[in-house]
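Here the sequence shown is numbered in the UniProt record's numbering, starting from 1 and rising by one per residue.
The beta carbon of each residue, even a glycine, is placed where N, CA and C say it ideally should be.
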Amino acid sequence: MSESVPERVLSEVIAENLRATQGINPGKGERRSWDRSLPILARDLVEAGLGGVEMLIEYQLPLTSKRADVILAGRDRRTGADSYLIVELKQWSQAELYEEDAELVLVSGMGERPKLHPVVQVRGYCEYLADFVGALDQHRNAVRGVAYLHNASDLDIHDLYDQVEDERTRLFSKTRRGQFVDYLKAQFAPEPGAAAADRLLSSSIRPSKQLLKAAAGEIKNRDQFVLLAEQRLAFEMVMHAVEKARASNSKQVVIITGGPGSGKSVIALSLLGEVSERGYSVLHATGSRSFTETMRRVVAKGSTRMKAMFKYFNNFMAAKPNDLDVLICDEAHRIRETSENRFTRSAQRTGRPQVDELIHAARVPVFLLDEHQVVRPGEMGRVADITAYAQSLGLAVHQVDLDAQFRCGGSRKYEEWVLRLLGLDGEAPEVWKGDDHFAVSLTESPYELEAQLRAWLAAGYSARITAGFCWPWSSPNGDDSLVADVRIGDWARPWNVKGDRAVGNAPASALWASAPGGFEQVGCVYTAQGFEYDWNGVIFGPDLVYRDGRLVTVRSASKDPALTRKGVSDEQADQLIRNTYKVLLTRGMMGTAVYSVDPETQEFLSGLVTM
Numbered sequence: 001m002s003e004s005v006p007e008r009v010l011s012e013v014i015a016e017n018l019r020a021t022q023g024i025n026p027g028k029g030e031r032r033s034w035d036r037s038l039p040i041l042a043r044d045l046v047e048a049g050l051g052g053v054e055m056l057i058e059y060q061l062p063l064t065s066k067r068a069d070v071i072l073a074g075r076d077r078r079t080g081a082d083s084y085l086i087v088e089l090k091q092w093s094q095a096e097l098y099e100e101d102a103e104l105v106l107v108s109g110m111g112e113r114p115k116l117h118p119v120v121q122v123r124g125y126c127e128y129l130a131d132f133v134g135a136l137d138q139h140r141n142a143v144r145g146v147a148y149l150h151n152a153s154d155l156d157i158h159d160l161y162d163q164v165e166d167e168r169t170r171l172f173s174k175t176r177r178g179q180f181v182d183y184l185k186a187q188f189a190p191e192p193g194a195a196a197a198d199r200l201l202s203s204s205i206r207p208s209k210q211l212l213k214a215a216a217g218e219i220k221n222r223d224q225f226v227l228l229a230e231q232r233l234a235f236e237m238v239m240h241a242v243e244k245a246r247a248s249n250s251k252q253v254v255i256i257t258g259g260p261g262s263g264k265s266v267i268a269l270s271l272l273g274e275v276s277e278r279g280y281s282v283l284h285a286t287g288s289r290s291f292t293e294t295m296r297r298v299v300a301k302g303s304t305r306m307k308a309m310f311k312y313f314n315n316f317m318a319a320k321p322n323d324l325d326v327l328i329c330d331e332a333h334r335i336r337e338t339s340e341n342r343f344t345r346s347a348q349r350t351g352r353p354q355v356d357e358l359i360h361a362a363r364v365p366v367f368l369l370d371e372h373q374v375v376r377p378g379e380m381g382r383v384a385d386i387t388a389y390a391q392s393l394g395l396a397v398h399q400v401d402l403d404a405q406f407r408c409g410g411s412r413k414y415e416e417w418v419l420r421l422l423g424l425d426g427e428a429p430e431v432w433k434g435d436d437h438f439a440v441s442l443t444e445s446p447y448e449l450e451a452q453l454r455a456w457l458a459a460g461y462s463a464r465i466t467a468g469f470c471w472p473w474s475s476p477n478g479d480d481s482l483v484a485d486v487r488i489g490d491w492a493r494p495w496n497v498k499g500d501r502a503v504g505n506a507p508a509s510a511l512w513a514s515a516p517g518g519f520e521q522v523g524c525v526y527t528a529q530g531f532e533y534d535w536n537g538v539i540f541g542p543d544l545v546y547r548d549g550r551l552v553t554v555r556s557a558s559k560d561p562a563l564t565r566k567g568v569s570d571e572q573a574d575q576l577i578r579n580t581y582k583v584l585l586t587r588g589m590m591g592t593a594v595y596s597v598d599p600e601t602q603e604f605l606s607g608l609v610t611m
């Protein structure tokens, strides 16, 4: 601590100009990670003559769970306009590039796993803030960023400076503390920053015009987004609702329902492109990590800015009413009762329904769903639930049912056959009579199932094997290999990866359905939901068996933690297990092969499907 600035003065600066954001209370447990850095930053501000600059700590980036350590808010020394500086505070004493990768670093004393380069981190925060805070839409240069490694000397971090490119990628160490103080003097006028902080915190949150233009160009140029019949009707209905809501300053709710492959996600992306092109604020959201991550990877094609257009349902807990023109809720059957989870801060634990958050976030919330894909307790994305809630708010609800069936090779017949097989439409199972557009087969063993699909894979088609959640799911072995948990006789294969990083040649969970290597693992419903592949293999586990003339569920045979916890009734578990197999059976676009581990069920299926 510099003796030229008394500790009393620093305490006063912190007390007067330090503002907690997003429900954090300075002085409580959350402060421990940054309490040693704040006095250092406060000292530098005081020595720069900027004791009135506001410090927003742990600022949560809008519609994300990420937090910037500190945002300094004040007036620009040259123009007098609002000015913001994101400061990423690192207590590292030594860091070096990770295997010459310019965006990753190894930090001394923090293990062998690399961390994101702090300059890359703060640059991303700057770009994101400029893309989503309405007050910065026309003033992108009002936000800058620095990484401040106040415990490290230049010699300890010398190769990290290669990433310093512009005003959003500055890096300072304790060796350059004097330069940092001069930098602060050049950025801010010696005036109070409370008003600038207020304007940032109260600003509308929506995609910037530049981001919308980029999204429109990226999505609209994809010629595979062709809408037919009811798909076009749903698209036009949403666009009509958008124009009407904007013209009359009102809200409209649109619900689009359809089975697997009916084109819901094609409609969603077409809407994202069209609404963006018209310059209206719009975001895409889902409740599925696998689905969202794949959208970011495939549609955004590696663009960090474009990835920000794809959100999760629980990102809208603190969203302001009608900041967005349109919120596209894809896979809306995944809507949960509330957005709260074990990581939710106490100040945000209000019990507010998630559907309420989504409806309030936009003038036109659009819900695309398939009621037969509700597979987890607590999911309430049903037409009746959404409609009732919207109407309780006095909102008009428009619904479109999609009749076209694209995923299963255009075979509505197969979709109906699956519903009857699982007892989901009140009709009795019937013999599969064949369809020129879709193949259904029964295999005699998991070996035959795998061989059949592997042959299609070798022929250039996509293929995956899934199974009911009836086997344990172990963490990887110490040698970075997966445990072969799915065992049927002497045939054994591992489940797909649990987490967000690859394990050996097995892709991360979110990429199992699309990335190379996914065929070597068995997928579960949570990983397969929302995706399709050419050829589909499904293993019926002991949780769905044929007894006394009908298929019955056996809850005790499930290893799904969601079904084994208290509070889930037998009736709910029965419905969720049947819906699980509905999802698994409808992932294929060209054909599905099935096998049951239960002999009586296998015999029942042989009476319905020619082997």
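*To which residues of the same chain is ALA593 closer than 6 Å at the C-beta, ignoring the five residues directly before and after it?*
Result list for ALA593: SER441, THR443, LEU449, GLN452 and GLY537, in chain order.
*Quick one: grab the DSSP three-state call for ASP44.*
ASP44: helix per DSSP, three-state reduction.
*Measuring CA to CA, which of LEU283, GLU337 and GLY541 is closest to THR466?*
If you compare the alpha carbons of LEU283, GLU337 and GLY541 with that of THR466, the shortest gap goes to GLY541.
*asked:* Measuring only the C-alpha atoms, how far is HIS117 from VAL105?
replied: The alpha-carbon of HIS117 is positioned some 6 Å away from that of VAL105.
*Is the beta carbon of TYR161 sitting closer than 7 Å to the one on LEU171?*
Yes. Within cutoff.
*Starting from MET237, trace the alpha helix (DSSP H) both ways and give me its first and last residue.*
Boundaries of the alpha helix (DSSP H) around MET237: 229–248.
*According to the neighbour-count rule (16 or more other Cβ atoms, all chains shown, within 10 Å of its Cβ), is PHE406 buried or exposed?*
Residue placement at PHE406 is flagged as unreliable, the pLDDT there being 48, under the threshold of 50; a coordinate-derived value is accordingly withheld.
*Just to confirm, are GLU88 and ALA130 a CB contact at a threshold of 7 Å?*
Contact: no.
*THR199 vs LEU324 beta-carbon contact at 7 Å*: It should be noted that the sequence gives Arg, not Thr, for residue 199. Result no, Cβ atoms of ARG199 and LEU324 do not sit closer than 7 Å.
_So if DSSP puts GLY591 in a beta bridge, which residue, or which two residues, is it bridged to?_
Answer is ALA439 and TRP535.
*asked:* Quick check: the Cα distance between GLY478 and TYR447, rounded to an integer number of angstroms?
replied: Spanning the alpha carbons of GLY478 and TYR447 requires a straight line of approximately 28 Å.
_DSSP three-state assignment for ARG144, whether helix, strand or coil_ = In this structure, ARG144 counts as strand in the three-state DSSP scheme.
*Do you know how far the Cα of ILE335 is from the Cα of GLN348?*
Going by the C-alpha atoms only, they are around 18 Å apart.
*So is SER33 buried or exposed if we call it buried at 16+ other beta carbons inside 10 Å?*
With a pLDDT of only 45 at SER33, under 50, the local geometry of the prediction cannot be trusted, and no value is derived from it.
_Residue closest to THR489, alpha-carbon to alpha-carbon, out of LEU551, PRO377, VAL497 and ASP598_ = Here residue 489 is Gly; the residue named in the question, Thr, does not match the sequence. That would be ASP598, whose Cα lies nearest to the Cα of GLY489.
*Which residues in the same chain have their Cβ closer than 8 Å to the Cβ of PRO353, if we skip the five residues on either side of it in sequence?*
Excluding residues within five positions, the ones whose Cβ falls inside 8 Å are GLU337, THR338 and TYR389.
*Tell me which same chain residues have a C-beta within less than 8 Å of the C-beta of TYR312, skipping the five on either side of it?*
Result list for TYR312: ALA285, THR286, GLY287, ARG289 and THR292, in chain order.
*Can the beta-carbon of residue 675 be found less than 7 Å from the beta-carbon of PHE604?*
This structure cannot speak to residue 675, because the chain is shown only from 1 to 611.
*asked:* Judging by CA-CA distance, which residue of LYS566, PRO260 and MET317 is the nearest neighbour of GLY588?
replied: Minimum Cα-Cα distance from GLY588 among the listed residues LYS566, PRO260 and MET317 corresponds to PRO260.
*How many Å lie between LEU551 and GLN373 at the Cα?*
Spanning the alpha carbons of LEU551 and GLN373 requires a straight line of approximately 19 Å.
*Could you check what DSSP says for LEU116 in three-state terms: helix, strand or coil?*
Here LEU116 sits in strand by DSSP.
*Out of curiosity, what's the CA-to-CA distance linking ASP69 and ALA362?*
Cα to Cα, the separation comes out at about 29 Å.
*Any chance the segment 301–309 sits against the segment 251–271, with 3 or more Cβ pairs inside 8 Å?*
A contact between stretches requires three or more CB pairs, one per stretch, nearer than 8 Å, and the segment 301–309 fails this requirement with the segment 251–271.
*Please state whether DSSP places GLY273 in a helix, a strand or coil.*
GLY273: helix per DSSP, three-state reduction.
*Report yes if the CB atom of residue 613 is closer than 7 Å to the CB atom of ALA332, and no otherwise.*
The question about residue 613 has no answer, for the chain in this structure spans 1 to 611.
*Classify residue 626 as buried or exposed, calling it buried when 16 or more other Cβ atoms lie within 10 Å of its own Cβ.*
Within the shown structure, residues of the chain are numbered from 1 to 611, placing residue 626 beyond reach of any answer.
*Pick from ALA152, ALA189 and GLU165 that is closest to LEU72, judged by C-alpha positions*: Ranking the options by Cα distance to LEU72, first place goes to ALA189.
*What's the C-alpha gap between GLN94 and SER108?*
Rounded to whole angstroms, the separation of the alpha carbons of SER108 and GLN94 is 6 Å.
*Could you give the uninterrupted runs of the beta strand (DSSP E) lying entirely in the UniProt domain "AAA+ ATPase" (250–395), keeping only those of 3 residues or more?*
Correct list: 252–257, 282–286, 310–312, 324–329 and 362–369.
*Under 7 Å between the Cβ atoms of VAL554 and VAL375?*
Against a cut-off of 7 Å, the Cβ pair of VAL375 and VAL554 comes out as no contact.
*Quick one: what's got a C-beta closer than 8 Å to GLY27's C-beta in the same chain, skipping five residues either side?*
Its pLDDT being 35, under 50, GLY27 is placed unreliably in this model, and the value from its coordinates should be taken loosely. For GLY27, there are no CB contacts under 8 Å within the same chain when 5 residues up- and downstream are skipped.
_CA-to-CA distance, ALA396 to LEU63, given in whole angstroms_ = Distance between the alpha carbons of LEU63 and ALA396 is about 26 Å.
*Member of ARG144, LEU211 and CYS329 whose CA lies at the smallest distance from the CA of VAL253*: Among ARG144, LEU211 and CYS329, the Cα nearest to that of VAL253 belongs to CYS329.
*Where does PHE519 land, buried or exposed, given buried means 16+ other C-beta within 10 angstroms?*
Per the 10 Å Cβ criterion, buried.
*Have a look at ARG412, ASP425 and TYR595 and flag the residue whose alpha-carbon is nearest the alpha-carbon of LYS433.*
Taking only the C-alpha atoms, the option nearest LYS433 is ARG412.
*Just tell me which of LEU358, SER276 and SER569 has its CA closest to the CA of LYS209.*
The shortest CA-to-CA distance from LYS209 to any of LEU358, SER276 and SER569 is the one to SER276.
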